[in-house]
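In what follows, a single structure is set out as structure tokens and then discussed.
Number of protein chains: 2
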Amino acid sequence: MLSGEDSRRDAVKAIMSSGQRELVAELERLDGGARFGRFGSARLLENGDVFERACVVSVNRGGTLGLTVAIHPRNPYVPAFQAAFRYCEHAGSWWFGGAADLLPCYGFAEDAAHFHRTLKNHCDTLDPAFHAQAKRACDDHFRLPCDEPRGVGGIVFDHLCPPGPHGWRRAAAFTAAGIATVAPAYFPIVRRRKDLPHGDRERQWQLHRRGRHVEFALAHGAAADAETVRMTLPPLARWESGFTPEPGSAEAELASFVVPRDWASETAAAVG
Amino acid sequence: MLSGEDSRRDAVKAIMSSGQRELVAELERLDGGARFGRFGSARLLENGDVFERACVVSVNRGGTLGLTVAIHPRNPYVPAFQAAFRYCEHAGSWWFGGAADLLPCYGFAEDAAHFHRTLKNHCDTLDPAFHAQAKRACDDHFRLPCDEPRGVGGIVFDHLCPPGPHGWRRAAAFTAAGIATVAPAYFPIVRRRKDLPHGDRERQWQLHRRGRHVEFALAHGAAADAETVRMTLPPLARWESGFTPEPGSAEAELASFVVPRDWASETAAAVG
Numbered sequence: 569m570l571s572g573e574d575s576r577r578d579a580v581k582a583i584m585s586s587g588q589r590e591l592v593a594e595l596e597r598l599d600g601g602a603r604f605g606r607f608g609s610a611r612l613l614e615n616g617d618v619f620e621r622a623c624v625v626s627v628n629r630g631g632t633l634g635l636t637v638a639i640h641p642r643n644p645y646v647p648a649f650q651a652a653f654r655y656c657e658h659a660g661s662w663w664f665g666g667a668a669d670l671l672p673c674y675g676f677a678e679d680a681a682h683f684h685r686t687l688k689n690h691c692d693t694l695d696p697a698f699h700a701q702a703k704r705a706c707d708d709h710f711r712l713p714c715d716e717p718r719g720v721g722g723i724v725f726d727h728l729c730p731p732g733p734h735g736w737r738r739a740a741a742f743t744a745a746g747i748a749t750v751a752p753a754y755f756p757i758v759r760r761r762k763d764l765p766h767g768d769r770e771r772q773w774q775l776h777r778r779g780r781h782v783e784f785a786l787a788h789g790a791a792a793d794a795e796t797v798r799m800t801l802p803p804l805a806r807w808e809s810g811f812t813p814e815p816g817s818a819e820a821e822l823a824s825f826v827v828p829r830d831w832a833s834e835t836a837a838a839v840g
Numbered sequence: 569m570l571s572g573e574d575s576r577r578d579a580v581k582a583i584m585s586s587g588q589r590e591l592v593a594e595l596e597r598l599d600g601g602a603r604f605g606r607f608g609s610a611r612l613l614e615n616g617d618v619f620e621r622a623c624v625v626s627v628n629r630g631g632t633l634g635l636t637v638a639i640h641p642r643n644p645y646v647p648a649f650q651a652a653f654r655y656c657e658h659a660g661s662w663w664f665g666g667a668a669d670l671l672p673c674y675g676f677a678e679d680a681a682h683f684h685r686t687l688k689n690h691c692d693t694l695d696p697a698f699h700a701q702a703k704r705a706c707d708d709h710f711r712l713p714c715d716e717p718r719g720v721g722g723i724v725f726d727h728l729c730p731p732g733p734h735g736w737r738r739a740a741a742f743t744a745a746g747i748a749t750v751a752p753a754y755f756p757i758v759r760r761r762k763d764l765p766h767g768d769r770e771r772q773w774q775l776h777r778r779g780r781h782v783e784f785a786l787a788h789g790a791a792a793d794a795e796t797v798r799m800t801l802p803p804l805a806r807w808e809s810g811f812t813p814e815p816g817s818a819e820a821e822l823a824s825f826v827v828p829r830d831w832a833s834e835t836a837a838a839v840g
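Protein chains in written order, with the numbering used here: chain A, 569 to 840; chain B, 569 to 840.
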């Protein structure tokens, strides 16, 4: 018979691996072109019609089981997306952690509001106070080294271990539901923007923004192994020195767009 | 009248700024196309005929005066080059530091031997034992996070403060000569390789190698401000997952080429 710990780890493994399988299938359907390849415990799609790179990496290191998702779309109007789901056991205790955030190159209020509302609805199933905390933690955590937000945020939480006899089960179910929330939170945005016409100007801006993401990932990714970090990086990134977007341009507007804001409460009319 | 410290700092400032001016002029002549622009204390050339990016940044932060050089050539057969020259004063003591290393995408023994021999000749003017130490320090320091050498090395030294009444003057002159050694150490290699024909395969390999350099720079560049670090980064870099060069290819050979080796002692015949 399995110990309580072993059966818990097995249950989390099953959640992570079925989550990985489903997300991979959904991403392939949305891309419509490329298929995911397998690299050890990672599933990786490259050079798709919609996604330049998408990876769904299953992690099993020390006391941690997890799933890391990174999506770098081809069209600069489609925001990049990152998420991580984590289960840890250490010194007899256990907890869940997670994060999801949206990284646009161009600000669409409709997209940011949809993303945050979907995450809030998911968080509310656990506890009505949870979203506000996890949103604030994300706004605080995902800041670039020069203290600009790297995107429009999302949620970050750690050390989730609800008390009570069903605490573990509730947190595990919340994690499974979290993985299943990637598609409704992100895919409608992808569909809305993936065919918007764009040219070299938008592509260069996207590569510039990706440079910032690389800086962030390499500054904060030390906990993961080098190959996993690399897989989550954008395939191509640019560094331009002293580059400032033209005042008044859509590129220049991003800076004020990514300022932390209570997106989930904004009505559709207000953001339309 | 100036204090001893002030006049020393002024003398170093003069060395750094005339070094910057001369190197910029030499790089412009070698490029033949683009000119350097000015960004605060940085001089930056972009999109040249020979250099995709070259920067010569003068640094004046706290007790440190310095010059940082980063050169990213367009042709994948031309190695990238980095160097830094530094003067520090702290709590009544002073010292000089420096580094220079060569980062090829393709291994040419002739280039590596020329580079190391030129640096050794320069180091020998200070002390015949100096080069071996500074070469070993470079081999130890410039290793990528996954413990592969990032290039064929060069020299690294710090806390250089020769004793005696002329110690400061000797170290300052060594630094001025070091800046003047960039051209004879690196430019003949640039001239030899800059017109070699290449295609997309070589370009993709170059972008892949640059990805490794970005990882290194961001892991070790925390001491400098973000804008200076960005200026030294390659303009464009690629991350490919699970990418391994074809066995036996020129790209695959790089791994064994960049292993630390006593390049300066190899005769022209042996490396021909």
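C-beta atoms are modelled at their ideal positions from N, C-alpha and C, and glycine is treated no differently.
Work out the CA separation of residue j and residue i for me, nearest whole Å.
| i | j | result |
| --- | --- | --- |
| ALA593 of chain A | ARG654 of chain B | 54 Å |
| ALA705 of chain B | ASN689 of chain B | 17 Å |
| PHE811 of chain B | PRO756 of chain A | 32 Å |
| THR749 of chain A | THR636 of chain A | 14 Å |
| LEU527 of chain A | PRO644 of chain A | Lying before the first or after the last residue shown, residue 527 of chain A is absent from chain A, which here runs from 569 to 840. |
| GLY840 of chain B | ASP726 of chain B | Any answer about GLY840 of chain B is weak, because its pLDDT of 45 lies below 50 and its placement is not dependable; what the coordinates show is given next. So the alpha carbons of these two residues sit roughly 33 Å apart. |
| GLN772 of chain B | GLU808 of chain B | 10 Å |
| GLU590 of chain B | GLN650 of chain B | 17 Å |
| VAL827 of chain A | VAL720 of chain A | 7 Å |
| ALA638 of chain B | ARG629 of chain A | 37 Å |
| ARG780 of chain B | PRO731 of chain A | 45 Å |
| ALA681 of chain A | GLY600 of chain B | 51 Å |
| PRO765 of chain B | PHE604 of chain B | 26 Å |
| GLY572 of chain B | PHE825 of chain A | 52 Å |
| MET799 of chain A | THR693 of chain A | 32 Å |
| ASP768 of chain A | LEU804 of chain A | 14 Å |
| LEU687 of chain B | ILE723 of chain B | 8 Å |
| LEU745 of chain A | ASP617 of chain B | Sequence check: residue 745 of chain A is Ala here, not Leu. Their backbone Cα atoms lie some 54 Å apart in a straight line. |
| PHE784 of chain A | ALA787 of chain B | 11 Å |
| ALA622 of chain B | LYS762 of chain B | 15 Å |
| MET569 of chain A | ARG577 of chain A | Note on MET569 of chain A: pLDDT 46, under 50, position unreliable in the model; no value is reported. |
| CYS691 of chain A | SER609 of chain B | 49 Å |
| GLU819 of chain A | ARG806 of chain A | 15 Å |
| LEU801 of chain B | PHE607 of chain A | 29 Å |
| GLY634 of chain B | HIS658 of chain B | 15 Å |
| VAL758 of chain B | ALA667 of chain A | 46 Å |
| TRP663 of chain A | PHE664 of chain B | 50 Å |
| THR632 of chain A | CYS656 of chain A | 5 Å |
| ILE583 of chain A | LEU822 of chain A | 36 Å |
Since residue i meets chain A, which of its residues come closer than 8 Å, beta carbon to beta carbon?
| i | result |
| --- | --- |
| PRO802 of chain B | TRP807 |
Give the residues of chain A in contact with residue i, contact being defined as C-beta atoms less than 7 Å apart.
| i | result |
| --- | --- |
| GLY810 of chain B | PHE607 |
| GLU783 of chain B | LEU786 |
| MET799 of chain B | SER809 |
| LEU595 of chain B | Per Cβ cutoff of 7 Å: no residues; LEU595 of chain B is ~15 Å from chain A at best. |
Give every residue of the same chain whose Cβ lies closer than 6 Å to the Cβ of residue i, excluding the five residues on either side of it in the sequence, and list them in chain order.
| i | result |
| --- | --- |
| HIS684 of chain A | TRP831, ALA832 |
| PRO647 of chain A | LEU670, LEU671, PRO672 |
| ARG777 of chain B | CYS673 |
| ARG738 of chain A | PRO730 |
Whose Cβ in chain B lies nearer than 7 Å to the Cβ of residue i?
| i | result |
| --- | --- |
| VAL826 of chain A | Those within 7 Å of VAL826 of chain A in chain B number zero; the least Cβ separation is about 17 Å. |
Which partner residues does residue i have in the DSSP bridge list?
| i | result |
| --- | --- |
| PRO717 of chain B | B:ARG711 |
| SER626 of chain A | A:LEU635 |
| GLU614 of chain A | A:ARG621 |
| PRO733 of chain B | DSSP lists no partner for PRO733 of chain B. |
| ALA648 of chain B | B:LEU671 |
| ARG771 of chain B | None, per the DSSP bridge assignment. |
| PHE725 of chain A | A:GLY666 |
| ALA805 of chain A | B:ALA805 |
| ARG606 of chain B | B:ARG611 |
| HIS640 of chain B | B:ARG621 |
Excluding five sequence neighbours on each side, which residues of the same chain lie with their C-beta closer than 8 Å to the C-beta of residue i?
| i | result |
| --- | --- |
| GLN774 of chain A | PRO644, CYS673 |
| GLU770 of chain B | PRO644, TYR645, CYS673, TYR674 |
| LEU595 of chain A | PHE604, LEU613, PHE619, ALA622, VAL624, ILE639 |
| ALA602 of chain A | GLU596, LEU613, GLU614, ASN615, GLY616, ASP617, PHE619 |
How would you list, in chain order, the residues of chain B whose beta-carbon sits under 8 Å from the beta-carbon of residue i?
| i | result |
| --- | --- |
| ALA648 of chain A | What ALA648 of chain A touches in chain B: nothing, since even the nearest Cβ is about 14 Å away. |
Since residue i meets chain A, which of its residues come closer than 9 Å, beta carbon to beta carbon?
| i | result |
| --- | --- |
| GLU834 of chain B | Those do not exist, as GLU834 of chain B stays about 32 Å from chain A at its closest Cβ, beyond 9 Å. |
| CYS673 of chain B | Result: empty, since nearest Cβ-Cβ is about 17 Å, beyond 9 Å. |
| LEU612 of chain B | SER809, GLY810 |
Please go through the same chain and pick out, in chain order, the residues whose beta-carbon is closer than 7 Å to the beta-carbon of residue i, but skip the five residues on each side of it.
| i | result |
| --- | --- |
| ALA579 of chain A | ALA740 |
| ARG642 of chain B | VAL618, PHE619, GLU620 |
Run down chain B in chain order and give the residues with a C-beta less than 9 Å from the C-beta of residue i.
| i | result |
| --- | --- |
| LEU518 of chain A | No answer is possible for residue 518 of chain A: the residues shown for chain A start at 569 and end at 840. |
- Where in the segment 569-596 of chain A do unbroken runs of the beta strand (DSSP E), each at least 3 residues long, occur, reported from the N-terminal end onward? none
- Message: Ignoring anything shorter than 3 residues, give me the beta strand (DSSP E) runs that lie fully in the segment 652-684 of chain B, in order along the chain.
- Response: 661-671
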